[in-house]
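**Student:**
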Amino acid sequence: MSEDTVMAEDSVGVDDTAAGAGSLGRNVRRKEDQRLITGHGRFVTDVELPRMRHVAFLRSPYGHARITGADTAAARDAGFRVFTGADFAHIELRAQSALPSYVETAQPVLAHQKVRFAGEAVAAVVAADRYRAEDGLELVEIDYEPLAPTVCAWEAPSEPVHVEAPDNVLLERTFDAGDVDDVLASAAVVVERELTTNRHAGNPMECRAGVAVWDAADGKLTFWNGTQVPHIARNMIAELMGLPEGRVRVIAPDVGGGFGVKSVLYPEDLALCLMAREMPGIPLKWVEDRAEHLLAATHARDHRYLMKAGFDAEGTLLAVDADVTCNVGAYSVYPWTAGIEPLMAGGLLSGPYKLENYRCTVRGVATNTAPSGPYRGVARPASVFAMETMFDAAAAQLGIDAIEIRRRNVITPADIPYKMPSRLVDDSGHYRECLDKALEALDYDGVRAEQRRRRESGESPIGIGVAIYNELTGLGRAASAGPRMPFRTGHDACTVRVNPDGRVTVLSGVTSQGQGLETTVAQIVADAVGVRYDDVDVRIGDTDESLWGFGAFSSRQAVIGGGAAHNTAVEVRKKIITLAAGLMEAAEADLRIEDGDVYVVGEPKPYITVAEVARVAYLESNRLPDGIDPGLDATTFYDPIRGAFAAGVQVAAVEIDRATGELRILSYVCVEDAGRAMHPQIVDGQIAGAIAQGLGGALYEHLVYDDAGNLSTGTLLDYLMPTSAEVPDMVIGHVSRPASNPLGVRGVGEGGTLGPNAVLAGALRDALGIDVDELPVSPDRVWKELQG
Amino acid sequence: MKISFSVNGERADLDVEPRRTLADALRDDCGLTGTHLGCEHGVCGACTILIDGEPARACLMFAVQVDGASVSTVEGLQGTDGELHPVQEAFVACHGLQCGFCTPGMLMSACHLLDTKPDADRETIRAEMSGNICRCTGYQSIVDAVERAREGMCVPAVRDSNTAAPWGATFPEE
Ligand code: FES
Ligand code: FES
Chain A
1 MSEDTVMAED SVGVDDTAAG AGSLGRNVRR KEDQRLITGH GRFVTDVELP
51 RMRHVAFLRS PYGHARITGA DTAAARDAGF RVFTGADFAH IELRAQSALP
101 SYVETAQPVL AHQKVRFAGE AVAAVVAADR YRAEDGLELV EIDYEPLAPT
151 VCAWEAPSEP VHVEAPDNVL LERTFDAGDV DDVLASAAVV VERELTTNRH
201 AGNPMECRAG VAVWDAADGK LTFWNGTQVP HIARNMIAEL MGLPEGRVRV
251 IAPDVGGGFG VKSVLYPEDL ALCLMAREMP GIPLKWVEDR AEHLLAATHA
301 RDHRYLMKAG FDAEGTLLAV DADVTCNVGA YSVYPWTAGI EPLMAGGLLS
351 GPYKLENYRC TVRGVATNTA PSGPYRGVAR PASVFAMETM FDAAAAQLGI
401 DAIEIRRRNV ITPADIPYKM PSRLVDDSGH YRECLDKALE ALDYDGVRAE
451 QRRRRESGES PIGIGVAIYN ELTGLGRAAS AGPRMPFRTG HDACTVRVNP
501 DGRVTVLSGV TSQGQGLETT VAQIVADAVG VRYDDVDVRI GDTDESLWGF
551 GAFSSRQAVI GGGAAHNTAV EVRKKIITLA AGLMEAAEAD LRIEDGDVYV
601 VGEPKPYITV AEVARVAYLE SNRLPDGIDP GLDATTFYDP IRGAFAAGVQ
651 VAAVEIDRAT GELRILSYVC VEDAGRAMHP QIVDGQIAGA IAQGLGGALY
701 EHLVYDDAGN LSTGTLLDYL MPTSAEVPDM VIGHVSRPAS NPLGVRGVGE
751 GGTLGPNAVL AGALRDALGI DVDELPVSPD RVWKELQG
Chain B
1 MKISFSVNGE RADLDVEPRR TLADALRDDC GLTGTHLGCE HGVCGACTIL
51 IDGEPARACL MFAVQVDGAS VSTVEGLQGT DGELHPVQEA FVACHGLQCG
101 FCTPGMLMSA CHLLDTKPDA DRETIRAEMS GNICRCTGYQ SIVDAVERAR
151 EGMCVPAVRD SNTAAPWGAT FPEE
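If you read the sequences in order, they're chains A and B.
Here full-length UniProt numbering is used: the first residue of the first sequence is 1, the next is one more, and so on.
Here full-length UniProt numbering is used: the first residue of the second sequence is 1, the next is one more, and so on.
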């Protein structure tokens, strides 16, 4: 193991190493765990307020229908408060993009005029509890006149979803570099495939939830919401409701998983806030159930890739010509737009491979299905599958080893910074190193030998699958997430405050849905200020506390929110040093802070404590040196301007049961360059969790609509999420190359999801020689293939 | 309907509608919000509690069904002195939780598993814990935590490629 190759030896139990060592890079005890492990977490569902009432939404049973009438009299007569689309018809969600081809459409708060997907909310009932609210729903009559639904994005619609887009295409763009046609014409081999990926969803274990209360005295709205993006939500709610932004407070307390699904402002969220304004002083609570979640929270990954790739005789990739259609569902998801998946697919299709000639037309097509939104990995679990399929197919045709053909084409450290054909700049490049390490962990030669042995003996066949990918993380303003929306998500703010007792409070703009940001931010600040991890409290998720943060998406928070925390903490340390130097009449350059004590260099004993310095700063202005103001805090913003690419390789050995078509994963290995690991357990947890989600999507999870637009997988009995019995033990390794940002980190939240589709499809091809053009790789599909 | 039962050793007297689920009664009437609801149709296991020592899904039961029974929830695991239950401690040590939403159900299932099958090996743990869905962790760290709680020893949260046993010429089952 070379010196600069950091492995995760630290991943053994919680590291309670005492003071002095610094907390970054160690598995400190997570700040979140005590409350979560004892049943004292604070999820939105747990919010209980005086006079609280409960909301239930009535949802459309049709995929596509005109609304011809709404009769709420019976419900009102029974004493229920009822809201329908007409109540909020003046407000609509319009996701905006300045892209030339983008067709802007509107999403109503509660559907009126027409419904565009089964499960769309058409009315809401308020009652003393949820049971009664659901009783009330039965008394509301909505009349529908069914329209022809479209569920497949690559079939022509008979009735457009939105009048503004007669062909249902909400956005189309072509990425174009080099000379694709000529190069393909002269290529030694051109492989061509039509690939489709299965619609599935993030499906966090906590469904959506909200509590809204309107304070009539101050004209202020408070909204507890399990959102990944409280500041964006505040901004949007204020704008949509015509409120001063300072009078909207969004609080995201503990959130039970997000994965992108909760980075959207949903019509139900806005409905709750609007209803609360109509009912001053009465807190309204809505807790989504799983059936609603599967119907109406965002879906993802319903794509088709028409792929053509040309290679020379040595297997060098020469050109890619692709046409990508993404089913974006009934609405352009707010605020990310219908461009979120197609543009990501087009921007990152070529992934970690060197390529000059590239043409890729991507389009987002509306259908009568639930809206698609960001889901961990956005589009790339599909695009990586498409790209890796090209390499496997070319390798087979050219008689080159599937690993070798990839090794020849990946970006290397010598190529860095590498400008991809979509003009994104890759700054990692450690793919070969990740690949070597992954193959070693898999015992590649051993598996190959076993594969040959089994071929001869006739035992269950095994195959090896491989995926190489890059994950664009921590996007600054120059590479900012999203398709030319009216905002740029490159920065976050952080406030660090030393309290009069010397303990530190951090008001950070990051949010957490399980990623442990309270812990990571505390580690960063503790080390940068020079105090103990245990003496730092981090408060997140409340827009009345932190100044600004865009929230959790695009694997951005460790880089951006972490960078902001670090820079701010450094400012505060400087202030402590300046003040201490004045008090001690010492030179600033001679002072250092460690574990809350201020030392003069070379002296073994601390001279003064941070607590004493802080006391002076707040309570003893008489002792303040000249020119120093009271207080001990700082607030700064950080924007990395560009992004940091994380590199990743996943390989697996998979056994196929010929009798049942079932895949059994014998060994699964992932090696990533995730930069510096601030908390190795958390980093590995992100990777392992992401791989498990990827495996679920590759093998089981499939949201299926029938032709009439009904979701036929509406419970967890039909929508199969992987359990501990299906997800195998994984081996996770690291090639930790610091990125060029204050902490040297690369984002790590999403990468794991990118591999499994390609890995399992590749393993199947390797084992049996069959092409996998359609996902998921479910046992029935495999079995059918095996029958010929 | 009036019901009485014991929850974490304390007596609860409630007057509930017959249709009220046990989960709602525990969460809203008893204030024990540690029991979570992830599906409300008996699949995800987030609501797992113990009734007279046996695991049950609080979302699938009516409150009236526990009249006279003894119920244990996650809030009862921690000792009165504040010390964590070994299973809780193991989940923290092994990073067996991320968002913590599935965790209460996982802990209750794990406690029951270790009570009834103290010798459970890794495969058994995986099979027995498969009634609880976790969307965050990928399960490895949860299985590690259960093993650690059982053995009272240190198990890596996620195995490193250097320590995981790669196979050689022979191809082991796992
Ligand atoms: S909430 Fe009871 S099993 Fe899911
Ligand atoms: S820790 Fe989030 S669902 Fe298990």
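Quick reminder that beta carbons are idealized off the backbone N, C-alpha and C, glycines included.
From A:Gly-69, A:Ser-736, A:Thr-473, A:Arg-658, pick the residue whose C-alpha is nearest to that of Asp-780 (chain A); which is it?
**Tutor:** Counted from its first residue, the first sequence places residue 780 (chain A) at position 780. Closest option to Asp-780 (chain A), Cα to Cα, is A:Arg-658.
**Student:** With 9 Å as the limit, tell me which residues of the stretch 127-140 of chain B have their beta carbon closer than that to any beta carbon of chain A; keep them in chain order.
**Tutor:** Ala-127, Glu-128, Met-129, Ser-130, Gly-131, Asn-132, Ile-133, Cys-134, Arg-135, Cys-136, Thr-137, Gly-138, Tyr-139, Gln-140
**Student:** Pull up the distance between the alpha-carbon of Thr-316 (chain A) and that of Gly-178 (chain A), whole angstroms please.
**Tutor:** Translated into the one-based positions of the first sequence, residue 316 (chain A) becomes position 316. Translated into the one-based positions of the first sequence, residue 178 (chain A) becomes position 178. Rounded to whole angstroms, Thr-316 (chain A) to Gly-178 (chain A) spans 16 Å at the Cα level.
**Student:** Answer yes or no: the CB of Arg-380 (chain A) versus the heavy atoms of ligand 1, is any distance below 7 Å?
**Tutor:** Position 380 of the first sequence, counting from 1, holds the residue named residue 380 (chain A). No, since every heavy atom of ligand 1 falls outside the 7 Å radius drawn around the Cβ of Arg-380 (chain A).
**Student:** Are the CB atoms of Cys-134 (chain B) and Cys-111 (chain B) within a distance shorter than 8 Å?
**Tutor:** Numbered from 1 along the second sequence, position 111 holds the residue referred to as residue 111 (chain B). Numbered from 1 along the second sequence, position 134 holds the residue referred to as residue 134 (chain B). Taking 8 Å as the Cβ cut-off, Cys-111 (chain B) and Cys-134 (chain B) do not qualify as a contacting pair.
**Student:** At a threshold of 7 Å, does Cys-47 (chain B) count as lining ligand 1 (C-beta to nearest heavy atom)?
**Tutor:** Working through the second sequence from its first residue, we reach residue 47 (chain B) at position 47. Checking every heavy atom of ligand 1 against the Cβ of Cys-47 (chain B), one is found closer than 7 Å.
**Student:** Does any residue of chain B bring its CB to less than 8 Å from the CB of Asn-198 (chain A)?
**Tutor:** Taking the first sequence and counting its residues from 1, one reaches residue 198 (chain A) at position 198. No, because no Cβ of chain B sits closer than 8 Å to the Cβ of Asn-198 (chain A).
**Student:** Considering only residues of the stretch 662-716 of chain A, which uninterrupted beta strand (DSSP E) runs meet the minimum length of 3 residues and lie entirely inside it, listed in chain order?
**Tutor:** Correct list: 663-673.
**Student:** Taking 7 Å as the cut-off, is the CB of residue 197 (chain B) close to at least one heavy atom of ligand 1?
**Tutor:** Because chain B spans 1 through 174 in this model, residue 197 (chain B) falls outside it and cannot be assessed.
**Student:** Using 8 Å as the threshold, is the C-beta distance between Leu-24 (chain A) and Asp-527 (chain A) below it?
**Tutor:** Position 24 of the first sequence holds residue 24 (chain A). Position 527 of the first sequence holds residue 527 (chain A). At the C-beta level, Leu-24 (chain A) and Asp-527 (chain A) come within 8 Å of one another.
**Student:** From the DSSP output, in three-state form, read off Met-153 (chain B) for me.
**Tutor:** For this step, residue 153 (chain B) is matched to residue 153 along the second sequence. Low confidence applies to Met-153 (chain B): its pLDDT is 39, below 50, so where it sits in the model is not reliable, and the reading given next is rough at best. Of the three classes helix, strand and coil, the one that applies to Met-153 (chain B) here is coil, per DSSP.
**Student:** Is the Cβ-Cβ distance between Cys-94 (chain B) and Ser-141 (chain B) less than 8 Å?
**Tutor:** What you label residue 94 (chain B) is simply residue 94 of the second sequence in a count that begins at 1. What you label residue 141 (chain B) is simply residue 141 of the second sequence in a count that begins at 1. In this structure, Cys-94 (chain B) lies near Ser-141 (chain B), with their beta-carbon atoms less than 8 Å apart.
**Student:** Using the beta-carbon of each residue, which ones in chain B are nearer than 9 Å to Val-255 (chain A)?
**Tutor:** Along the first sequence, one-based indexing puts residue 255 (chain A) at 255. Proximity of chain B to Val-255 (chain A) at the Cβ level (cut-off 9 Å) is accounted for by Cys-99, Phe-101, in chain order.
**Student:** Could you check if Met-205 (chain A) belongs to the surroundings of ligand 2, using beta carbon to heavy atom distance under 7 Å?
**Tutor:** Counting from one through the first sequence, the residue named residue 205 (chain A) turns up at place 205. Relative to ligand 2, the nearest heavy atom lies less than 7 Å away from the CB of Met-205 (chain A).
**Student:** So does Val-43 (chain B) have its beta carbon nearer than 7 Å to some heavy atom of ligand 1?
**Tutor:** Position 43 of the second sequence, counted from the first residue, corresponds to residue 43 (chain B). Indeed, a heavy atom of ligand 1 lies less than 7 Å from the Cβ.
**Student:** With three or more beta-carbon pairs closer than 8 Å as the criterion, would you say the stretch 109-129 of chain A touches the stretch 64-78 of chain A?
**Tutor:** yes
**Student:** If you draw a straight line from the alpha carbon of Asn-8 (chain B) to that of Pro-335 (chain A), how long is it in whole angstroms?
**Tutor:** On the second sequence, position 8 is the one that residue 8 (chain B) refers to. On the first sequence, position 335 is the one that residue 335 (chain A) refers to. In a straight line, the C-alpha of Asn-8 (chain B) is about 45 Å away from that of Pro-335 (chain A).
**Student:** Consult DSSP for Ala-217 (chain A) and reduce its assignment to one of helix, strand or coil.
**Tutor:** As a position in the first sequence, residue 217 (chain A) is number 217, starting the count at 1. In this structure, Ala-217 (chain A) counts as coil in the three-state DSSP scheme.
**Student:** Quick one: does the C-beta of Cys-99 (chain B) sit closer than 7 Å to a heavy atom of ligand 1?
**Tutor:** In the second sequence, counting from the first residue as 1, residue 99 (chain B) sits at position 99. Not so, every heavy atom of ligand 1 lies at least 7 Å from the Cβ.
**Student:** State whether the stretch 291-301 of chain A contacts the stretch 220-229 of chain A, with contact taken as three or more CB pairs (one from each stretch) at a distance under 8 Å.
**Tutor:** Touching, no.
**Student:** Report yes if the C-beta of Leu-37 (chain B) is less than 7 Å from at least one heavy atom of ligand 1; otherwise report no.
**Tutor:** On the second sequence, residue 37 (chain B) is found 37 positions in, with the first residue counted as 1. Flag set: Cβ of Leu-37 (chain B) near ligand 1.
**Student:** Name the chain A residues whose beta carbon is nearer than 7 Å to that of Glu-40 (chain B)?
**Tutor:** Mapped onto the second sequence, residue 40 (chain B) falls at position 40. Going along chain A in sequence order, the residues near Glu-40 (chain B) (Cβ under 7 Å) are Asp-289, Arg-290.
**Student:** Taking 8 Å as the CB-CB limit, is Ile-3 (chain B) close to chain A?
**Tutor:** In the second sequence, the residue the question calls residue 3 (chain B) occupies position 3. Not an interface residue.
**Student:** Return yes when the Cβ of Trp-286 (chain A) is within less than 8 Å of the Cβ of Glu-314 (chain A), no when it is not.
**Tutor:** The sequence position of residue 314 (chain A) within the first sequence is 314, counting from 1. The sequence position of residue 286 (chain A) within the first sequence is 286, counting from 1. No, the pair does not count as a contact, with Cβ atoms beyond the cut-off.
**Student:** How far does the alpha helix (DSSP H) with Val-578 (chain A) in it reach, from first residue to last?
**Tutor:** Taking the first residue of the first sequence as position 1, residue 578 (chain A) is located at position 578. What sits at residue 578 (chain A) in the sequence shown is Thr, not Val. 560-584 is the extent of the alpha helix (DSSP H) around Thr-578 (chain A).
**Student:** So what's Met-730 (chain A) in DSSP terms, helix, strand or just coil?
**Tutor:** For this step, residue 730 (chain A) is matched to residue 730 along the first sequence. In the structure shown, Met-730 (chain A) sits in a strand (DSSP, three-state: E or B).
**Student:** Hey, Ile-656 (chain A) and Ser-460 (chain A): beta-carbon distance below 8 Å or not?
**Tutor:** Numbered from its first residue, the first sequence carries residue 656 (chain A) at position 656. Numbered from its first residue, the first sequence carries residue 460 (chain A) at position 460. In this structure, Ser-460 (chain A) lies closer than 8 Å to Ile-656 (chain A) by Cβ.
**Student:** Taking a contact to mean a Cβ-Cβ separation below 8 Å, would you say Asn-741 (chain A) touches Ala-644 (chain A) in this structure?
**Tutor:** Along the first sequence, one-based indexing puts residue 741 (chain A) at 741. Along the first sequence, one-based indexing puts residue 644 (chain A) at 644. Cβ distance < 8 Å, so Asn-741 (chain A) and Ala-644 (chain A) count as in contact.
**Student:** Just checking: is the beta-carbon of Asn-203 (chain A) within a distance shorter than 8 Å of some beta-carbon in chain B?
**Tutor:** Reading the first sequence from its first residue, position 203 is the one you call residue 203 (chain A). Yes - at least one Cβ of chain B is within 8 Å of the one on Asn-203 (chain A).
**Student:** Does DSSP classify Leu-139 (chain A) as helix, strand or coil?
**Tutor:** Sequence index remark: in the first sequence, residue 139 (chain A) carries index 139 (1-based). If DSSP states are grouped into helix, strand and coil, Leu-139 (chain A) belongs with coil.
**Student:** Which same chain residues, not among the five before or five after Thr-337 (chain A), have their C-beta less than 6 Å away from its C-beta?
**Tutor:** Working through the first sequence from its first residue, we reach residue 337 (chain A) at position 337. For Thr-337 (chain A), where only same-chain residues beyond five positions count, the Cβ hits under 6 Å are Ala-95, Ser-97, Pro-483.
**Student:** Just mark Ser-4 (chain B) as buried or exposed, buried being the case when its beta carbon has 16 or more other beta carbons within 10 Å.
**Tutor:** Your numbering for residue 4 (chain B) matches position 4 in the second sequence. Classification for Ser-4 (chain B): exposed.
**Student:** Rounding to the nearest angstrom, what Cα-Cα distance links Leu-786 (chain A) and His-702 (chain A) in this structure?
**Tutor:** Looking up residue 786 (chain A) in the first sequence gives position 786. Looking up residue 702 (chain A) in the first sequence gives position 702. Taking the straight line joining both Cα atoms gives about 21 Å.
**Student:** Does Ala-217 (chain A) pass the burial test, meaning 16 or more other C-beta atoms within 10 Å, or should it be called exposed?
**Tutor:** Reading the first sequence from its first residue, position 217 is the one you call residue 217 (chain A). The residue in question, Ala-217 (chain A), is exposed, as its Cβ has fewer than 16 Cβ neighbours within 10 Å.
**Student:** Compare the C-beta of Leu-50 (chain B) against all C-beta atoms of chain A and say whether one is closer than 8 Å.
**Tutor:** Here residue 50 (chain B) is taken as the residue at index 50 of the second sequence, counted from 1. Taking Cβ atoms only, chain A never reaches closer than 8 Å to Leu-50 (chain B), which makes this a no.
**Student:** Closer than 6 Å by C-beta to Ala-589 (chain A): which residues in its own chain qualify, once you throw out the five before and the five after it? Chain order, please.
**Tutor:** Here residue 589 (chain A) is taken as the residue at index 589 of the first sequence, counted from 1. None.
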